[in-house]
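Order-wise, the sequence lines are chains W and R.
Take the position in the first sequence, starting the count at 1, then add 44; the result is the number in the working numbering.
Take the position in the second sequence, starting the count at 1, then add 44; the result is the number in the working numbering.
Some notes on the structure that comes next.
Protein chains: 2
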Amino acid sequence: MAMPARGLTSRAAQAEQTRQQILDTAQRLFSELGYSATSLQMIADELGLTKAAVYYHFRAKNDILHAALQPGIERLNTLLDEAGAMRGRRARTEHLVHGFVDFLVANRQNMVMASTDPDRPEHRDKTEVSALHERGLGLLFGEHPSGAERLAYNAVFTLPDCLAELTDLTDQELREALASTLLRILRVPPARA
Amino acid sequence: MAMPARGLTSRAAQAEQTRQQILDTAQRLFSELGYSATSLQMIADELGLTKAAVYYHFRAKNDILHAALQPGIERLNTLLDEAGAMRGRRARTEHLVHGFVDFLVANRQNMVMASTDPDRPEHRDKTEVSALHERGLGLLFGEHPSGAERLAYNAVFTLPDCLAELTDLTDQELREALASTLLRILRVPPARA
DNA sequence: GTCTATAAATGGATAGAC
DNA sequence: GTCTATCCATTTATAGAC
């Protein structure tokens with residue numbers, strides 16, 4: 045817990061430290077229990093804080109989820125940028141798959157949360173997450189994906205939910221399993237007739 | 045709403061009717077919002093009832109989830125029984141896949157709920173649902189599945205979460221997409237070296 | 001079988017002391 | 001920056017009238 049390593053920046057901007065601790069704890073609990081089932085009380089308790097202290101760092105519960113999701117969203121958007129700059133559709137797919145695998149392995153602890161429900165299910169569509177969805181779908185399957193292609197793509201995006209069941213695998217084992225499975229899922233045969 | 049069709053059984057055992065309505069509504073809301081985000085008030089309101097009326101039919105919120113899950117669990121257990129009685133592993137797989145596809149298509153409206161969290165995350169393991177998981181995994185991949193096989197199997201079980209995004213597909217389109225995707229996922233290559 | 005009323009607890013959130 | 005204390009809404013659940 046205590047980390048007055050060198051600079052002794054202690055005074056003011058240790059705020060950043062506890063802010064990050066809150067984010068980490070929240071991300072873990074959101075993943076384990078789901079967003080709605082996680083209370084600010086639980087988050088505060090696990091850090092030895094009070095709810096009020098948490099509210100100093102975040103204006104609302106929603107903001108915690110948003111902030112916790114942000115780094116992942118940015119990383120994936122970068123990945124899509126890279127893939128979008130590539131020429132062949134086959135190269136794009138390979139880049140996306142391997143980048144996504146790296147992302148999943150790096151965040152294998154706290155990955156369930158993506159499907160977690162924000163407070164307003166009506167707005168679930170205009171989310172940055174579903175913007176990601178749209179972009180990736182277009183990159184992989186073009187503007188008019190078939191039903192099978194959309195299903196495959198959605199299956200890719202729900203794969204993170206599986207990671208909790210595979211905690212005993214090493215990173216390398218997980219990486220290979222993910223890459224193989226993702227590629228199989230995305231190898232959608234062309235429509236018949 | 046009113047259905048005093050013929051027998052006029054109205055009096056006593058119309059309980060079964062509203063009980064079923066409660067189950068249907070709850071299942072739908074659990075699927076849309078998640079278990080924790082769904083309150084008994086919402087369920088009651090949608091049926092024009094009060095919470096107290098709901099509590100006449102179910103002792104606790106937990107029991108509603110349990111009862112709503114029950115028919116699906118039984119149907120899948122039957123499916124596993126059938127597959128278990130078959131000889132070739134290839135025939136088993138085919139039977140399981142097609143049975144699972146039928147199940148998914150028939151319940152495509154309310155399918156997200158399976159991953160929904162019960163109140164006690166500690167007991168999430170000894171659930172009947174995870175018993176199903178175990179049985180199916182053994183039938184498909186034997187007693188000592190590899191990491192890739194376990195991931196593929198888990199991917200199959202998280203596929204239901206994708207159905208909400210494909211409501212525009214016809215049953216037939218969905219059926220074909222599911223069958224194709226499931227078979228691809230389960231075609232796990234043997235481990236190298 | 002459904003209602004009103006209410007209990008008891010917990011949720012998110014704010015004000016103000018330190 | 002964290003705490004105590006509090007507000008208010010909502011939750012699960014029960015008691016008892018109709």
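Idealized CB from N, CA, C, for every residue including glycine.
Along chain R, which residues have their Cβ under 8 Å away from the Cβ of I229 (chain W)? As a first step, residue 229 (chain W) is located in the first sequence; it is residue number 185 there, counting from the start. Neighbours of I229 (chain W) on chain R, chain order: A199, T225, R228, I229.
Compare the C-beta of T202 (chain R) against all C-beta atoms of chain W and say whether one is closer than 9 Å. For the purposes of this step, residue 202 (chain R) is identified with residue 158 of the second sequence, where counting begins at 1. Yes, because at least one Cβ of chain W sits closer than 9 Å to the Cβ of T202 (chain R).
With a cut-off of 9 Å, does the C-beta of R50 (chain R) fall near any C-beta of chain W? The residue labelled residue 50 (chain R) in the question sits at position 6 within the second sequence. Confidence in R50 (chain R) is poor, its pLDDT being 49 and thus under 50, which makes the residue's placement too unreliable to answer from.
Going along the chain, which residues of the segment 66-81 of chain R sit with their C-beta nearer than 9 Å to a C-beta in chain W? E76, L77, G78, Y79, S80, A81
Mapping DSSP to helix, strand and coil, what is A81 (chain W)? Position 37 of the first sequence, counting from 1, holds the residue named residue 81 (chain W). In the structure shown, A81 (chain W) sits in coil (DSSP, three-state: anything other than H, G, I, E or B).
Checking contacts by CB at 9 Å: is H60 (chain W) closer than that to chain R? Locating residue 60 (chain W) in the first sequence gives position 16, counting from the first residue. It should be pointed out that residue 60 (chain W) corresponds to Glu in this sequence rather than to His. Chain R contact via Cβ: absent.
If you run the structure through DSSP and keep just helix, strand and coil, what is G92 (chain R)? Start at 1 with the first residue of the second sequence, and residue 92 (chain R) comes out as number 48. Looking at G92 (chain R) - three-state DSSP - the assignment turns out to be coil, as it is neither helix nor strand.
Proximal chain R residues relative to L210 (chain W), where beta-carbon distance stays under 7 Å: Translated into positions along the first sequence, residue 210 (chain W) becomes position 166. Neighbours of L210 (chain W) on chain R, chain order: G191, R194, L195.
Hey, S80 (chain W) and L124 (chain R): beta-carbon distance below 9 Å or not? What you label residue 80 (chain W) is simply residue 36 of the first sequence in a count that begins at 1. What you label residue 124 (chain R) is simply residue 80 of the second sequence in a count that begins at 1. No. Outside cutoff.
Taking Cβ to Cβ, would you say A112 (chain R) is nearer than 9 Å to F144 (chain R)? The sequence position of residue 112 (chain R) within the second sequence is 68, counting from 1. The sequence position of residue 144 (chain R) within the second sequence is 100, counting from 1. No, Cβ-Cβ distance for A112 (chain R) and F144 (chain R) is not below 9 Å.
Would you kindly report the start and end of the unbroken alpha helix (DSSP H) that includes T202 (chain W)? Position 158 of the first sequence, counted from the first residue, corresponds to residue 202 (chain W). 191-202 is the span of the alpha helix (DSSP H), which, as asked, contains T202 (chain W).
How should N198 (chain W) be labelled, buried or exposed, when 16 other C-beta atoms within 10 angstroms of its C-beta is the threshold for buried? Position 154 of the first sequence, counted from the first residue, corresponds to residue 198 (chain W). Buried, because 16 or more other Cβ atoms sit within 10 Å of the Cβ of N198 (chain W).
Using C-beta distances below 7 Å, list every residue in its chain close to R219 (chain R), excluding the 5 sequence neighbours before and after it, in chain order. What you label residue 219 (chain R) is simply residue 175 of the second sequence in a count that begins at 1. These residues qualify, in order along the chain: V145, V149.
Would you say the beta carbon of T214 (chain W) comes nearer than 8 Å to a heavy atom of the ligand SAH? By its list of ligands, the structure shown contains no ligand whatsoever, and the ligand SAH lies outside what it can speak to.
Simplified DSSP state of A235 (chain W), which is helix, strand or coil: Indexing the first sequence from 1 puts residue 235 (chain W) at position 191. Residue state, collapsed to three classes: coil.
In its own chain, which residues sit with a C-beta less than 8 Å from the C-beta of A70 (chain R), not counting the 5 before and 5 after it? On the second sequence, residue 70 (chain R) is found 26 positions in, with the first residue counted as 1. Excluding residues within five positions, the ones whose Cβ falls inside 8 Å are T82, I87, I108, L109, A112.
Could you give the C-beta distance for E193 (chain R) and F185 (chain R), rounded to a whole number, given that I count them as a contact under 8 Å? As a position in the second sequence, residue 193 (chain R) is number 149, starting the count at 1. As a position in the second sequence, residue 185 (chain R) is number 141, starting the count at 1. Confirmed, about 4 Å.
Return the residue from the list R:N154, R:E90, R:L140, R:D68 that minimises the CA-CA distance to H177 (chain R). For the purposes of this step, residue 177 (chain R) is taken as residue 133 along the second sequence, with counting starting at 1. When each option's Cα is compared against that of H177 (chain R), the closest is R:L140.
Could you tell me the distance, in whole angstroms, from the CA atom of S190 (chain W) to the CA atom of T137 (chain R)? Taking the first residue of the first sequence as 1, we reach residue 190 (chain W) at position 146. Taking the first residue of the second sequence as 1, we reach residue 137 (chain R) at position 93. If I take the Cα positions, the gap works out to 25 Å.
Could you check whether the Cβ of V232 (chain R) sits closer than 9 Å to any Cβ belonging to chain W? The residue you call residue 232 (chain R) lines up with position 188 of the second sequence. Chain W, which has a Cβ nearer than 9 Å to the Cβ of V232 (chain R), makes this yes.
G180 (chain R), buried or exposed, once every other Cβ within 10 Å from all chains shown has been counted against 16: Walking along the second sequence from the start, residue 180 (chain R) turns up at place 136. It counts as buried.
6 Å CB neighbourhood of G51 (chain W) in its chain, flanking five on each side removed: Along the first sequence, read from residue 1 onward, the residue named residue 51 (chain W) stands at position 7. The pLDDT assigned to G51 (chain W) is 49, lower than 50, so where the model puts this residue is not dependable; a value taken from the coordinates is nonetheless given after this. Cβ neighbours of G51 (chain W) beyond the five flanking positions: none.
Q114 (chain W) - containing alpha helix (DSSP H), residue span: As a first step, residue 114 (chain W) is located in the first sequence; it is residue number 70 there, counting from the start. Residues 105-128.
Using the Cα positions of P233 (chain W) and A221 (chain R), report the straight-line distance between them to the nearest angstrom. As a working mapping, residue 233 (chain W) is identified with position 189 in the first sequence. As a working mapping, residue 221 (chain R) is identified with position 177 in the second sequence. C-alpha separation (whole angstroms): 10 Å.
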